[in-house]
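Everything on this sheet refers to the single structure shown next.
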Amino acid sequence: MFGHSGGGATAAEAMRADRRIDAGINMDGTLQYSKTEFLPVAREGLDRPFMLMGKADQTHLNKPSWQSFWDRSTGWKRDLSLERGSHFSYTDAQSFVPALDEYLDIPAQTREQYIGTVDPGRSTAAQRAYVTAFFDQHLLGRPRRLLDGPSPSHPEVRFVR
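According to this note's numbering, the sequence shown is numbered sequentially starting from 8.
See the structure below:
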């Protein structure tokens, strides 16, 4: 199971509540209700494979709810960061906002705040590659070297851990 933003948090919470879900991915979703209250999954962690995929500045090293989740999770885990990416780089907005910009003249700062500066085609290709590799490995039992460390094929993805 995977999801973006609230969907990513839901994937993690669903795994905590339902043992039938074998593996999951959170794409840039916070694991907290408020600045001081974490979701149960962030307080308890998981014992099954889970991958965090964050925007450029969001990792388990600097996001408190992700750090709590990371420290308490005993299953296989990875933390990847989309360099020059932003929250909506994990959506189709990264592809259509540049096209809209031709007609709407969106200020660069606004555009970068929402979709970052990562190339949309490369970002999409990298996301497809890592999500596919993760589920191939953990649901189909096909080990994928892409998950072992940084890849020259996807330099926009920082392998945090």
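Glycine included, each C-beta is placed from N, C-alpha and C at the ideal position.
For residue i, the nearest candidate out of the options (CA to CA)
i	options	result
Gly173	Phe76, Asp35, Asp54 and Gly52	Nothing about residue 173 can be read from this structure; the chain reaches only from 8 to 168.
Phe45	Arg135, Ala19 and Pro159	Ala19
Arg135	Lys84, Val164 and Trp77	Val164
Lys84	Leu111, Phe141 and Arg23	Phe141
His161	Asp108, Arg79 and Asp126	Asp126
Residues bridged to residue i [DSSP beta-bridge criterion]
i	result
Asp86	Leu59
Phe9	Ile32
Arg118	Answer is none; Arg118 lacks a bridge partner.
Phe166	Leu87
For residue i, the first and last residue of its enclosing beta strand (DSSP E)
i	result
His145	Careful: His145 lies outside any beta strand (DSSP E), inside the alpha helix (DSSP H) at Pro127 to Leu146.
Phe103	That residue, Phe103, is in no beta strand (DSSP E); its alpha helix (DSSP H) goes Ala100 to Leu111.
Sub-7 Å separation of residue i and residue j beta-carbons
i	j	result
Asn33	Gly15	yes
Tyr97	His11	yes
Ser93	Gly123	yes
Thr37	Ser72	yes
Phe76	Ala49	yes
Arg91	Ala133	no
Leu146	Ala24	no
Asp54	Thr17	no
Asp78	Val167	no
Arg149	Asp143	yes
Phe103	Tyr121	no
Cβ of residue i within 7 Å of any chain D Cβ
i	result
Ala49	Given the protein chain composition of this structure (a single chain), no chain D is represented.
For the stretch 17-71, list the beta strand (DSSP E) runs that are entirely contained and at least 3 residues long, ordered along the chain. 31-34 and 57-61, all fully within the stretch 17-71.
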